[in-house]
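Working notes, beginning with the structure itself.
Residue numbers (my numbering): 62 to 242.
Following this line, the structure appears as structure tokens:
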């Protein structure tokens, strides 16, 4: 499963980091980091910052640690077992919060979004990428994305118009928001 996630989501993880466009000293948290492709990509872009990979799966945490060690980036990364609903981070400490293909798995999206906003520094960015085929069936894709945008906007995040991009593994919704300064 980890290999499938690493290859299937790799271009999405890299695209998410490109959207963040982290400064060299940025602090970035990757929620639901899976096997760590995005963590490594972010660490390479922020060599004077820090990248935190969080995942509720002990297997994925270990895979990410291994990937960081092999890339010789473990000094820039911290990887922990944690869920979006309880981020082990201080308030306003992160320049970017990234979620690729996992927001639909959060046990309580509202609490998870509250946590994302809590840890986001003023002017920080939120990036959410999600395969359109993974969006819950409860609402049509456009309604689901509209609701997610509204949920972020209600938390003082300025959300850009959602986009759909094609990736190797299929089309995905791309949402980018910025916290007020």
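From the three backbone atoms N, C-alpha and C, an ideal C-beta is built for every residue, glycine too. Note that the structure is predicted; figures quoted are calculated from it, not measured.
Which ranges would you report for the beta strand (DSSP E) in the stretch 131-158 if only whole runs of at least 3 residues count?
138-142
With hydrogens ignored, establish whether the beta-carbon of residue 220 is closer than 8 angstroms to any heavy atom of the ligand FMN.
With respect to the ligand FMN, the structure offers nothing, as it holds no ligand at all.
Starting from residue 111, follow the beta strand (DSSP E) in both directions and report where the run begins and ends.
111-116
Locate the alpha helix (DSSP H) running through residue 97, then write down its first and last residues.
Element bounds for residue 97: n/a, residue is neither H nor E.
DSSP puts residue 233 in a beta bridge; with which residues?
192, 226
Could you check what DSSP says for residue 160 in three-state terms: helix, strand or coil?
The answer is strand: DSSP assigns residue 160 an E or B state.
Residues of its chain near residue 239, where Cβ-Cβ distance is below 6 angstroms and the 5 sequence neighbours each way are ignored:
Excluding sequence neighbours, residue 239 sits near 186, 219.
Residue 219 - DSSP class collapsed to helix/strand/coil:
strand
Mapping DSSP to helix, strand and coil, what is residue 76?
helix
Taking 9 angstroms as the cut-off, decide whether the C-beta atoms of residue 180 and residue 210 are in contact.
no
Taking only three categories from DSSP, how would you classify residue 70?
Note: residue 70 maps to helix in three-state DSSP.
Taking DSSP as the reference, what is the three-state secondary structure of residue 126?
Correct three-state label for residue 126: helix.
Report the option in 170, 189, 183, 108 whose CA atom is closest to the CA atom of residue 91.
189
In three-state DSSP terms, what is residue 238?
strand
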